[in-house]
Amino acid sequence: MNLIRIIKLLVRKKFIIVFFPLTVALLAFLLNRNNPKEYQSGMIFNTGIASGTNLSSMSNSRVDYFAVNNAFDNLTTILQSRETLEDVAISLLALHLSLDSPDPYIISKENFNKLREEHLSPAVVAELTKTKEIKTIEEKIRIDYYNQEPNDLKVLLQKSKTFYNIDAIKANMTFSRKGNSDMLEIIYRSNDPGVCLSTLSLLADIFKVKYSSTRNFEAGGIIEYFIAELEKAKMRLNNAEETLKNYSQENQIINYEEQTKFISEGKEELEKDIYKVKMELESSTKALAEISVSMDETAAKYLNGEGIMRQMKEIAQLTTAITTISLRESSPKNIKTLDSLQQVQDNMRAGMINTADEYYSRSYSKEILPRLTVLSEYLKYVLEIDKNKAKLEVLLTQRLYFIDLFSEFAPVGFNLSKMAREIQIAEQEYLSILHGLNQAKIHKSNSELFGNLSLLDRPFYPLNPKGSKMAMVLIAGFMVSLLFVVGTIVGLEIMDRKIKTPSSIQEATNLKLLGVISSPIQNKKILQEDLQQKLLNLLSNNLNIALNKSNTEAKNLIFLTSTRTQDNMNEAGLFVSKALQKLTDKVIYYYFTESNDTPELTENEESKIFARKYDPIGNQVIQELRQNLKEQDGVIVRIPEFENAVLNTFSSIVPSIVILMVNADQAWGFHDKAALDFIKETFPKSEIYTVGTDMNVNYMEEVISEVPKNRGKLRVWVKGLITLNK
């Protein structure tokens, strides 16, 4: 569907396209002509959310736009909350009831009288206005409003279409942020300028209180939470520290790292001493073995004497005592004791060796005096061996002590580390909660110092009503209905399954289109004679080409048929006969009628077209056809549709061409395709063409250059402009 076709369609439907939008506009005018005038007032709050300084922003100059948007969302939510709107409605009603007479800056006289005479009963008004205190009236209204039982006040605030209806207040209130600034603009509309002003004034006071209480409640609840959690964290930290202290006292731990370091160093020194003593013991033992070879029986007997053995035992005991004391802490007392024991041991050693020397001096001559040296050396090594054995015994005992000490300190270290971690976790938790508490206190301080809303522009009394929206309503109603009608018409045209156009006929049948026949023409501007002449010439020229291409024996025999019954089929056949008569001297047109009351066609001898009515059931027409083929120049036969008669009698004759008459006002479906296939199989040797019948004049410009009609210059220019053909 092109633009020209759409425009022609809309021109044909111009009456409904104009009438329906005008009707809608008229209805809109009638419904809105008595609407009351509307007044509008507004106020602007400076919120200080985005650019205002607070305790948190002093150290951070970046603006958190997400937080700013969230804060503005909170503001608008508070404005729209039902509790806020209920407070405004109740306060407004209490204010109006407290008046003895109407005040134009609060409520007009008309609305004042409506409130006391129509909206509320006199008894309710009298009960509420026993006192003129607004707060008292407001409390009474709240009691009745929040009562579970239905009453007049509930109806007034929830259901009635008045200034006090909660939903109406919300619907008439609009708010917006002024660009990216801190300013929040609130606008209210009403048909009473005094109500408009008083509603905004009450809303401003209630809104500031609600916003402040909300912020303080949030901050107060957070602070209480953090204080409680801080006490719990502090208790956990104290318990962990007390557990560590008690454990250290029980296990005598002063400084675990230093103590374990001291023990490790002592253990290392002990191992060195053990190794050193073992080396000395091994050395003394080997030396003693070598000296024992040089000893005689007298020396051996002396060494095994009771006195020598007793002295050696005492020396060994002193060695054990000295070694034991040397492993202890180096206190002055221990040093003094160690020195005295060492002195005693040295004296005993010296005395023992001197006794041995005296014994040898008395018992041996001068020639055997060198043996004294052997005996002295022997005693020396014996004493060294005893000394080292005593030391080794003490050192090994000390090693066992260190082993027990390590076994004791190993779990102590693990437990201390575990307790230290618990203290660290408790401390971090405490510090984290403390930080949160500080932030909450800062937030509360922000709310108290910087969170209050300030009214930049106060509500004003609107003197002039807003401009009427009547013109806009009428235009909108007209345009919407116009678009609806145009869209409906175009949509129905697009969804229409009828063939309508010549190109659609040719596309649906896949046959060459010879011409079209118009439907009855109602438009008086169309030059019908010129149009019919154009259509006849078109059909004649195409018939001439089709007949010349035919290779059948009969050169001018044409069969007319259709896929379904058509009322104007005989008239269409007569039109084809007129087109054929332009090519031949005369034409015989055989037709039949579906009913007896159908008028017969008359012969037109002047145009040399002869109409013959026949019965499609009999064979008489076949005989006449064979005779007329020899005598007449052109013959057109309307044969019945395949579903209305048996066509075997007609299939015995091969026509020059077969013309399928397709009604443009029909749809093309499966039945039509099947009928066309049957026609092709019935007349396989003849070419089949198509002619469109009952076609609307508006679609004929597809086959002729232009429909002849009387057109104005403006219309010709517009058409040339649309078709880009001036």
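Under full-length UniProt numbering, think of the first position of the sequence shown as 1, with each following residue one higher.
Cβ coordinates follow ideal geometry from the N, Cα and C atoms, glycine included.
None of these values were measured; they are calculated from a predicted model.
Using 10 angstroms around the beta-carbon of Pro462, count the other beta-carbons present and answer buried if the total reaches 16, otherwise exposed. buried
What would DSSP say about Ile433, mapped onto helix, strand or coil? helix
Anticipated Cβ contact below 8 angstroms, Val697 with Asn523, distance rounded: 7 angstroms
With DSSP as the reference, identify every bridge partner of Asn46, one or two as the case may be. Met183 and Ser454
Measure the C-alpha to C-alpha separation of Ala350 and Val344 and round it to an integer number of angstroms. 10 angstroms
Could you tell me the alpha carbon to alpha carbon distance between residue 734 and Val637, rounded to whole angstroms? Given that the chain is displayed from residue 1 to residue 726, the structure contains no residue 734 and the question cannot be resolved.
Please list, in chain order, all residues of the same chain as Lys441 whose beta carbon is under 7 angstroms from its beta carbon, the five residues on each side excluded. Ile223
Cut-off 6 angstroms between Cβ atoms - residues of its own chain near Asp144, not counting five sequence neighbours on either side: Asn151 and Leu153
Gln40 bridges to which residues according to DSSP? Arg189
The alpha helix (DSSP H) spanning Met472 covers which residue range? Met470 to Met495
Alpha carbon of Arg116 to alpha carbon of Val125, nearest angstrom: 7 angstroms
Might you give, ordered along the chain, the residues of its own chain that have their beta carbon closer than 7 angstroms to the beta carbon of Glu527, omitting 5 neighbours on each side? The sequence given here places Leu at residue 527; Glu does not occur at that position. Here the set comprises Pro708 and Lys709.
Does at least one heavy atom of the ligand MG sit under 7 angstroms from the Cβ of Phe175? What this structure holds is no ligand at all, so the ligand MG is not there to describe.
Identify the residues that DSSP records as bridge partners of Tyr689: which are they? Ile659
Just the Cα atoms here: how many angstroms apart are Leu318 and Pro411? 38 angstroms
Is the separation between the beta-carbon of Glu429 and that of Ala240 shorter than 8 angstroms? no
Cβ shell of Pro616 (< 6 angstroms), same chain only, five flanking positions each side left out: Phe592, Pro640 and Ala645
Do the region 176-187 and the region 91-103 meet, that is, are 3 or more Cβ pairs less than 8 angstroms apart? no
Out of Ser81, Gly42, Leu338 and Gly266, point me to the one whose CA is closest to Leu200's CA. Gly42
Closer than 8 angstroms by C-beta to Phe406: which residues in its own chain qualify, once you throw out the five before and the five after it? Chain order, please. Ile263 and Lys267
Between the region 509-521 and the region 685-699, are three or more C-beta pairs nearer than 8 angstroms? yes
In whole angstroms, what separates the C-alpha of Leu212 from that of Asn111? For the sequence presented, residue 212 should be read as Ser rather than Leu. If you take the alpha carbons of Ser212 and Asn111, they lie about 34 angstroms apart.
Cutting at 6 angstroms between CB atoms, please list the residues of its own chain near Gly634, excluding the five before and the five after it. Asn556, Leu580, Thr584 and Val587
Between the Cα of Met479 and those of Lys8, Ala25 and Leu9, spot the shortest distance and give me the residue it belongs to. Ala25
Under the three-state DSSP convention, the category Ile385 falls into: helix
Cα-Cα separation, Phe72 to Phe45: 12 angstroms
Over what stretch of residues does the alpha helix (DSSP H) that includes Tyr145 continue unbroken? Ile134 to Tyr145
Do Ile659 and Thr682 have their C-beta atoms within less than 8 angstroms of each other? no
Alpha carbon to alpha carbon, how far is Gln424 from Ala233? 12 angstroms
Cut-off 8 angstroms between Cβ atoms - residues of its own chain near Ile622, not counting five sequence neighbours on either side: Thr649, Phe650, Ser652 and Ile653
Would Leu202 pass as a contact of Val88 if the rule is Cβ separation under 8 angstroms? yes
Ala316 and Leu341 - do their beta-carbons sit closer together than 8 angstroms? no
Gly266 - DSSP class collapsed to helix/strand/coil: helix
Which residue wins for smallest C-alpha separation from Thr563, given the options Gln398, Leu30 and His671? His671
Near Ile134, what residues of its chain come up, given a Cβ to Cβ distance below 7 angstroms and the 5 sequence neighbours on each side ignored? Ala94, Leu95 and Ser98
Neighbour-count burial assignment, Thr598, 16 or more Cβ in a 10 Å radius: Its pLDDT being 46, under 50, Thr598 is placed unreliably in this model, and the coordinates cannot settle the point.
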